[in-house]
Amino acid sequence: MTMRQNNWTLGTYCESYCRVLTMHHTIEDASMFPDLERGDPRLRPVIDRLKEEHLVVHDLLEELDRALVALVSEPDGLEQVRAALDVLSDALLSHLAYEERELIEPLARLT
Numbered sequence: 562m563t564m565r566q567n568n569w570t571l572g573t574y575c576e577s578y579c580r581v582l583t584m585h586h587t588i589e590d591a592s593m594f595p596d597l598e599r600g601d602p603r604l605r606p607v608i609d610r611l612k613e614e615h616l617v618v619h620d621l622l623e624e625l626d627r628a629l630v631a632l633v634s635e636p637d638g639l640e641q642v643r644a645a646l647d648v649l650s651d652a653l654l655s656h657l658a659y660e661e662r663e664l665i666e667p668l669a670r671l672t
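Here my numbering = 1-based position in the sequence shown + 561.
Here it is, written out as structure tokens:
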């Protein structure tokens with residue numbers, strides 16, 4: 562019973578985190594990036610890279626989801642979840658560092 566509760570808690574936390582991250586990227590892609598590019602067309606390569614990284618992160622979220630689903634039927638599947646989280650964490654840290662480095666000044670200047 563405890564393992565089932567732990568898996569449920571982990572799945573619920575991951576679902577909430579993944580939903581917020583997906584919403585964040587959707588808002589950037591649909592609103593913020595087009596506004597920044599209109600304000601400064603030189604940002605196009607940066608925005609293109611960030612959009613590509615959003616697709617990579619989406620794929621990593623899907624991989625995490627598959628690992629979590631597998632964990633329900635394979636109690637020893639926790640290593641798959643850990644591995645998926647490690648890859649996602651590395652990708653997000655890199656993505657966010659690049660995004661912050663490249664967009665802080667344009668955001669301050671254009672908004």
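From the three backbone atoms N, C-alpha and C, an ideal C-beta is built for every residue, glycine too.
Glu598 - DSSP class collapsed to helix/strand/coil
For this step, residue 598 is matched to residue 37 along the sequence shown. Reduced to three states, the DSSP call for Glu598 is helix.
Kindly give me the distance between the Cβ atoms of Ala652 and Ala628, rounded to whole angstroms, as I take these residues to be in contact under 8 Å.
Looking up residue 652 in the sequence shown gives position 91. Looking up residue 628 in the sequence shown gives position 67. Contact flag wrong, Cβ pair sits at about 15 Å.
Three-state secondary structure (DSSP) of Glu635:
As a working note, residue 635 is residue 74 in the sequence shown. Three-state DSSP puts Glu635 in coil, outside helix and strand.
Rounded to the nearest angstrom, what separates Arg670 and Leu664 at their Cα positions?
Along the sequence shown, one-based indexing puts residue 670 at 109. Along the sequence shown, one-based indexing puts residue 664 at 103. Going from the Cα of Arg670 to the Cα of Leu664 covers about 10 Å.
Who are the Cβ neighbours of Glu598 in its own chain at under 7 Å, not counting the five residues just before and after it?
In the sequence shown, counting from the first residue as 1, residue 598 sits at position 37. Result list for Glu598: Leu604, Arg605 and Ile608, in chain order.
Can you give the beta carbon distance from Leu621 to Val642, rounded, assuming they're within the 8 Å contact cut?
As a position in the sequence shown, residue 621 is number 60, starting the count at 1. As a position in the sequence shown, residue 642 is number 81, starting the count at 1. Contact check for Leu621 and Val642: beta-carbon distance about 13 Å, past the 8 Å limit, so the pair fails to qualify.
Would Pro667 and Asp601 be called neighbours here (beta carbons separated by less than 8 Å)?
Position 106 of the sequence shown, counted from the start, is the residue given in the question as residue 667. Position 40 of the sequence shown, counted from the start, is the residue given in the question as residue 601. Taking a C-beta distance under 8 Å as the contact criterion, Pro667 and Asp601 qualify as a contact pair.
Going by beta-carbon coordinates alone, are His623 and His656 separated by less than 8 Å?
Sequence index remark: in the sequence shown, residue 623 carries index 62 (1-based). Sequence index remark: in the sequence shown, residue 656 carries index 95 (1-based). Here residue 623 turns out to be Glu, not His, going by the sequence shown. Cβ atoms of Glu623 and His656: not closer than 8 Å.
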